[in-house]
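Asks:
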Amino acid sequence: MLKKIIVVVVLCIILFVAVDKIPYTINYFGLLTRPLDEITQHNNHEGKQQTSVLINQNGKTLCERVKVPDGFKRTEVNEDSFGHYLRNLPLKPHVSKVMYYNGTVKSRDVYEAVVDMDIGTRDLQQCADAVIRLRAEYLYSKGRFNDIHFNFTSGFCADYAKWIEGYRISVDGNNVKWTKTANYSNDYQAFRKYLDIVFAYAGTLSLSKELVAVPVEDMEIGDVFIQGGSPGHCAIIVDIAENPTSNQKIFMLAQSYMPAQDIHILKNPKQQELSPWYPLDFGDELFTPEWTFKRNDLKRFKD
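All residue numbers for the sequence shown refer to my numbering, where the first residue is 942 and numbers rise by one.
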């Protein structure tokens, strides 16, 4: 009996010494883990690139590609909602790179996935434009043409319902007006031309004025973190999940940037084990790979 006790004590001492030499922390899920910076340093030493454990490389849509962490469930959304549309965005294959409008590759490794949606051949679809694009594409897919309208920075309201009737927008300095120059058309090509003119004259400043502020605690898919200005920036919430036991919530972000580029799903640079999800309790500042938002920067489309 004494020998067994001695063996157990010796094993405990060995285990304690071994653990004491490796700095561990408690991660977001309450699990014992090595610090992110140490993991990163180790992988860099090995010459390996970090890949999120929450990524299903074969997934073709956002909800198929990105898994939820253990204990979490995606929040329920109506099938006709903007949230359902965003959660089911089609994605390019896992190995795809973010492309700029001119065909060159974005070199910064800030994204987990790339949305499968054209960006055109002009430097138009930047940050606010990507949010506008996603909102407009959703409304167009539902036949809600009267709800497609966005303001220019000048304050001019570009109604898609007017565009359908053959009216086009002419801009002369600060003078903006409608002119009847085309026949009725509601095909997708006409819709894309409408979006391009909106992209050219709208931005974060105008979009931020169209949205209404909401508390972070009331976050919904489709809400937007936005700072209007020149430059300004924005990123849209494309998915939310919740842990029913702890009531913790996590969310996912998509953005475009400058110059015009593919819409992409952002990595979480601070918490690799959670990426591309972000915790709702992020504090006063939300650190994304290319912008830092404030907690009160969250806004929502009115309709």
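Note that CB positions come from ideal geometry on N, CA and C, so glycine has one too.
Do K1001 and L1032 have their CB atoms nearer than 8 Å?
Replies: Contact: yes.
Asks: Is the Cβ of P1031 closer than 8 Å to any Cβ of chain C?
Replies: The displayed structure is made up of one protein chain only, and chain C is not part of it.
Asks: Please name the residue in G1114, V1056 and L1030 whose C-alpha comes closest to that of G1096.
Replies: Of G1114, V1056 and L1030, the residue nearest in Cα terms is G1114.
Asks: Looking at V1055 and D1203, is the spacing between their C-beta atoms short of 8 Å?
Replies: Contact flag set, yes.
Asks: Kindly indicate the opening and closing residues of the beta strand (DSSP E) around E1226.
Replies: It spans E1226 to T1229 - the beta strand (DSSP E) in which E1226 sits, taken as one unbroken run.
Asks: Can you list, in chain order, the residues of its chain whose CB lies under 8 Å from that of C1004, leaving out five sequence neighbours each side?
Replies: Cβ neighbours of C1004 beyond the five flanking positions: R1015, R1028, N1029 and D1180.
Asks: On the DSSP letters alone, give me the boundaries of the beta strand (DSSP E) that R1192 sits inside.
Replies: Checking the sequence, you will find Phe at residue 1192 rather than Arg. Looking at the DSSP string, the run of the beta strand (DSSP E) that includes F1192 is K1190 to Q1196.
Asks: Have a look at R1133 and Y1081 and give me their C-alpha separation to the nearest angstrom.
Replies: Computed Cα separation, rounded: 11 Å.
Asks: If you reduce the DSSP assignment to three classes, tell me which class V1039 lands in.
Replies: Of the three classes helix, strand and coil, the one that applies to V1039 here is coil, per DSSP.
Asks: How would you label N985, buried or exposed, when you count the other beta carbons within 10 angstroms and need 16 or more for buried?
Replies: With a pLDDT of only 32 at N985, under the threshold of 50, the placement of this residue in the model should not be trusted; the figure read from the coordinates follows. Exposed is the call here.
Asks: Please report the Cβ distance between T1145 and C1068, rounded to the nearest whole angstrom; I am assuming they are in contact, meaning their Cβ atoms lie under 8 Å.
Replies: That pair is a contact at about 6 Å.
Asks: Would you kindly work out how many angstroms separate the C-alpha atoms of G1169 and C1175, rounded to a whole number?
Replies: Roughly 8 Å separates the two Cα atoms.
Asks: Taking contact to mean 3 or more Cβ pairs, one atom from each stretch, closer than 8 Å, check whether the segment 1110–1129 and the segment 1060–1077 are in contact.
Replies: No, the segment 1110–1129 is not in contact with the segment 1060–1077.
Asks: Quick check on P1217: buried or exposed, where buried means 16 or more other Cβ atoms within 10 Å of its Cβ?
Replies: Result: buried.
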